[in-house]
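Enquirer: Listed in order, the protein sequences are those of chains H and U.
All residue numbers for the first sequence refer to our numbering, where the first residue is -2 and numbers rise by one.
All residue numbers for the second sequence refer to our numbering, where the first residue is 3 and numbers rise by one.
Backbone N, C-alpha and C define an ideal beta-carbon position, used for all residues, glycine too.
Here you go, one structure.
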Amino acid sequence: MSDDLEHLDRDGALAEALGPLGPVTRRRVLRTLAAAGLIGAAGLAAAGAADAAAEPQGDVAILNYALTLEYLQSAFYNEVERIGSLTGETARLARIVGGHERAHVRMLLDVLGHRAVAKPTFDFHGATDSQNAFVRTAVAFEDLGVAAYKGQAPRLASPTYLEAALAIHATEARHAAWIRHIAGVLPAQSAFDQPASATHVVSVVGSTHFIVGRTQAAGMPGFTG
Amino acid sequence: MRIWQGAQLAEERSEAVEHTASRRAVLSGASLVAAGIIVGGVGAPAIGSGSRLGDAEILNFALEMEELQAALYEQALQHAGLTGELAQYARVVGGHERAHVAFLRQTLGSRAKPAPAFDFGDAVTDPDRFAGAARVLEDLGVAALDGQAASLTKPSLAAVATIVSVEARHAAWIRDLLGEPPAPTAANPAEGAARVMAAIRRTGYVKGSA
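In structure tokens, the structure reads:
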């Protein structure tokens, strides 16, 4: 499995869009991600010694992992819309895709109820400030989202959750193709899309420093969108 | 905006429930095999006779979708005089579909059914008709694979999942070329086998066994 950063971040989009950021130790990044619900406490403990074993265990943990990725995506599109840095087809994409990501957040909150992790706080470090930075980051995000859902879908026990995850998975793939087309790269790069483990996704997201903390609310009961 | 999105989601969910119900009805009997006979003209008996379809039947169902798509692209590239990005689309996506066919044939081994004969009419001679046909078959391919996912064993599901998102990318690409929304809904709908078979029949592209 070509489960590496180079494969997922083919165009170096995340790396380039983020530019030089302040040095943050891996340990601190992992702590932030754990607080944000992206990895479990067991994963954090394991990551201290090795970079393995961060896979979410059980449907609730998997759905919370998905929820955190959707929080991240929807915050990204929300912010770029608020700033108004996009024009034309790219602005249209951000509006429509952002709506989908917010819908995914609501779907997952509905399913998880009081078991849902809280929404983290984000800092996109300039990735929402210009059309170019936005497009490159969105390509990386959407391709990563496809791979992340694909990595977890076969691990879900509930057929109902599986159907929901696959419905989102295919939509993320459509988003990825659309933004890639706008970016001028092939919408469908290869005949087979490879999955990504949570360990890998966490390390990519961690490298962006987009997740900076967690809101005070412990869980989000009664969240209505 | 939020209310509208909520309503859309609710609608998609009820649609998904309906699809699930129809799929379960299909999967409870030999309907898919019967439909397979209609579509493929191949009267191969079901492998396994339980109340659920086994991986082999589902992968053969996927194989036929991929054969259909691969043939469309191959013939259109020969006869439709495609130019520009539509020609690039057909070359790239046609290559993917051939790779999917090869992968599924290899996975199925001796259980793989022969490809039926196809007749695409003007969908492989007229570029606009081709683009429309590709859009229909790519959207259908995503829905068909997702509709069977819950019935697959986990290893087969993991394998099919590497294909289904590529089909979704194809669907988004051809929709974009046609000026249609590449991602029309937040939750991509799945389709039960009976609906997929009916949709394929309506195209008239499948003529019988090879």
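Using three-state DSSP, classify Gly96 (chain U) as helix, strand or coil.
Expert: The residue you call residue 96 (chain U) lines up with position 94 of the second sequence. Reduced to three states, the DSSP call for Gly96 (chain U) is helix.
Enquirer: Near Ile59 (chain H), what residues of its chain come up, given a Cβ to Cβ distance below 7 Å and the 5 sequence neighbours on each side ignored?
Expert: Mapped onto the first sequence, residue 59 (chain H) falls at position 62. Excluding residues within five positions, the ones whose Cβ falls inside 7 Å are Pro53, Gln149, Arg152, Leu153.
Enquirer: Give the straight-line distance between the Cα atoms of Glu160 (chain H) and Gly111 (chain U), rounded to the nearest whole angstrom.
Expert: Along the first sequence, read from residue 1 onward, the residue named residue 160 (chain H) stands at position 163. Along the second sequence, read from residue 1 onward, the residue named residue 111 (chain U) stands at position 109. Glu160 (chain H) and Gly111 (chain U): Cα-Cα distance of roughly 28 Å.
Enquirer: Let's test the definition: count the other Cβ atoms within 10 Å of the Cβ of Lys209 (chain U) and tell me whether it reaches 16, buried, or not, exposed.
Expert: Here residue 209 (chain U) refers to the residue found at position 207 when the second sequence is read from its first residue. Lys209 (chain U) comes out exposed.
Enquirer: Can you tell me the Cα-Cα spacing of Gly50 (chain U) and Ala101 (chain U), whole angstroms?
Expert: As a first step, residue 50 (chain U) must be located in the second sequence, where it is residue number 48. As a first step, residue 101 (chain U) must be located in the second sequence, where it is residue number 99. Bear in mind that the predicted position of Gly50 (chain U) carries a pLDDT of just 38, short of 50, making it too unreliable to give a figure here.
Enquirer: Which residues of chain H have a Cβ atom closer than 8 Å to the Cβ of Gly97 (chain U), listed in chain order?
Expert: Mapped onto the second sequence, residue 97 (chain U) falls at position 95. The contacting residues are Ala188.
Enquirer: Apart from the five residues just before and just after Arg92 (chain H), which ones in its own chain have a Cβ nearer than 7 Å to its Cβ?
Expert: What you label residue 92 (chain H) is simply residue 95 of the first sequence in a count that begins at 1. Closer than 7 Å at Cβ, skipping near neighbours: Glu78.
Enquirer: Which of the three DSSP states, helix, strand or coil, is assigned to Ala154 (chain H)?
Expert: Start at 1 with the first residue of the first sequence, and residue 154 (chain H) comes out as number 157. DSSP places Ala154 (chain H) in coil when its eight states are reduced to three.
Enquirer: For Asp56 (chain H), does the count of other Cβ atoms within 10 angstroms reach 16, so buried, or fall short, so exposed?
Expert: As a working note, residue 56 (chain H) is residue 59 in the first sequence. Asp56 (chain H) should be labelled buried.
Enquirer: If you run the structure through DSSP and keep just helix, strand and coil, what is Ala37 (chain U)?
Expert: Counted from its first residue, the second sequence places residue 37 (chain U) at position 35. Confidence at Ala37 (chain U) is low in this model, with a pLDDT of 32, below 50, so the placement of that residue should be treated as unreliable; the coordinate-derived value is given next. Residue state, collapsed to three classes: helix.
Enquirer: Tell me whether the region 83 to 91 of chain H and the region 161 to 172 of chain U touch, counting them as touching only if at least three CB pairs, one residue from each stretch, are closer than 8 Å.
Expert: These segments do not touch.
Enquirer: Could you name the residues that DSSP lists as bridge partners for Gln208 (chain H)?
Expert: By one-based count along the first sequence, residue 208 (chain H) stands at place 211. Position check: residue 208 (chain H) holds Ile in this sequence, whereas Gln was assumed. Note: Ile208 (chain H) sits in a beta bridge opposite H:Phe119.
Enquirer: Would you verify that the beta carbon of Arg171 (chain U) is, or is not, closer than 7 Å to some beta carbon of chain H?
Expert: What you label residue 171 (chain U) is simply residue 169 of the second sequence in a count that begins at 1. Chain H, which has a Cβ nearer than 7 Å to the Cβ of Arg171 (chain U), makes this yes.
Enquirer: Touch check for the region 70 to 77 of chain H and the region 123 to 131 of chain H: three-plus C-beta pairs under 8 Å?
Expert: Touching, yes, given that three or more Cβ pairs across the two stretches are closer than 8 Å.
Enquirer: Using a Cβ-Cβ cut-off of 7 Å, state whether His135 (chain U) counts as contacting chain H.
Expert: What you label residue 135 (chain U) is simply residue 133 of the second sequence in a count that begins at 1. A quick correction: the sequence has Ala, not His, at residue 135 (chain U). False, the Cβ-Cβ gap to chain H never drops below 7 Å.
Enquirer: In terms of alpha-carbon separation, which member of H:Thr118, H:Leu66, H:His111 lies closest to Arg99 (chain H)?
Expert: Taking the first residue of the first sequence as 1, we reach residue 99 (chain H) at position 102. The shortest C-alpha separation from Arg99 (chain H) is found at H:Leu66.
Enquirer: Tell me which same chain residues have a C-beta within less than 8 Å of the C-beta of Val209 (chain H), skipping the five on either side of it?
Expert: Here residue 209 (chain H) refers to the residue found at position 212 when the first sequence is read from its first residue. Excluding sequence neighbours, Val209 (chain H) sits near Thr29, Pro117, Thr118, Phe119, Asp120.
Enquirer: Is DSSP giving Ala119 (chain U) helix, strand or coil here?
Expert: The count along the second sequence starts at 1 and reaches residue 119 (chain U) at position 117. Of the three classes helix, strand and coil, the one that applies to Ala119 (chain U) here is strand, per DSSP.
Enquirer: Using DSSP's beta-bridge definition, name the partner residues of Val208 (chain U).
Expert: In the second sequence, residue 208 (chain U) corresponds to position 206, counting from 1. In the DSSP output, where bridge partners are listed per residue, Val208 (chain U) has U:Phe120.
Enquirer: Cα-Cα, which of H:Ala63, H:Gly96, H:Val132 is closest to Trp175 (chain H)?
Expert: Within the first sequence, numbered from 1, the residue matching residue 175 (chain H) stands at position 178. The candidate whose alpha carbon is nearest that of Trp175 (chain H) is H:Val132.
Enquirer: From Tyr146 (chain H) to His81 (chain U), what distance separates their C-alpha atoms?
Expert: Mapped onto the first sequence, residue 146 (chain H) falls at position 149. Mapped onto the second sequence, residue 81 (chain U) falls at position 79. Approximately 39 Å between the Cα atoms of the pair.
Enquirer: The alpha helix (DSSP H) with Glu73 (chain H) in it runs from where to where?
Expert: The count along the first sequence starts at 1 and reaches residue 73 (chain H) at position 76. Inspection of the sequence shows that residue 73 (chain H) is occupied by Phe rather than by Glu. Note, Phe73 (chain H): alpha helix (DSSP H), 56 to 80.
Enquirer: Which of helix, strand or coil does DSSP assign to Asp148 (chain U)?
Expert: As a first step, residue 148 (chain U) must be located in the second sequence, where it is residue number 146. Note: Asp148 (chain U) maps to helix in three-state DSSP.
Enquirer: Spell out whether any CB of chain U is found under 7 Å from the CB atom of Thr134 (chain H).
Expert: Within the first sequence, the letter at position 137 stands for residue 134 (chain H). No - not a single Cβ of chain U is within 7 Å of the one on Thr134 (chain H).
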